[in-house]
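Chemist: Structure below; questions to follow.
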Amino acid sequence: MITLLGTALADEGTEFVYRGESDACEGCPYRKQCLTLEAGVRYEVTDVRDGGQTLDCAVHDGGVRAVEVEPASITAAVPSKGAYAGSKGKLAGPCPHVDCPGHEYCVPKGAEFDAEYKIDEIGGDPPQDYCALDRELTLVEFAPSEGD
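For my numbering, add 22 to where a residue sits in the sequence shown, where the first one is 1.
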């Protein structure tokens, strides 16, 4: 998929969660090229268009550039019971322990607590020695979003 992305994010390999249209997008002449993604989905930049010009943008300082993106997988920590490749998994729930080394996997960007995701592969133990909420967790890769 081709879209426009802020120049600060327009590097191959960058991952981001598209949050949808901003109020500042109203009246923009590039809306049709820019607002092509699905809100709440995590994407990865797979290519930055060579020779593309930087366009002015009311949302992104420094403007936007044309890039190719695709939905990205999400590394997450899920309850160990029932977590295996090919199954569906859910996040265990919110976690207030933001200093925990595993927090980014318990509350990953682009995944919702009430949604089920297909588990592509098992990644093993999370980085923390123990869970402060006494959860038994396993790291997994959620499959990229299929979209609507």
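We put the beta carbon where it would ideally sit given N, CA and C, even for glycine.
#1: Report buried or exposed for M23, applying the criterion of at least 16 other Cβ atoms within 10 angstroms of its Cβ.
#2: Taking the beta carbon of V63 as the centre, do at least 16 other beta carbons fall within 10 Å, making it buried, or is it exposed?
#3: For the alpha helix (DSSP H) containing R157, name the first residue and the last one.
#4: Quick check on A80: buried or exposed, where buried means 16 or more other Cβ atoms within 10 Å of its Cβ?
#5: Classify A133 as helix, strand or coil using the three-state DSSP reduction.
#6: List the DSSP bridge partners of E189.
Modeler: In short:
#1: It counts as exposed.
#2: buried
#3: Taken as a continuous stretch (DSSP letters only), R157 belongs to no alpha helix (DSSP H), as it is neither H nor E.
#4: Burial call: exposed.
#5: coil
#6: Beyond the ends of the chain as shown, which are 23 and 170, falls residue 189; an answer cannot be given.
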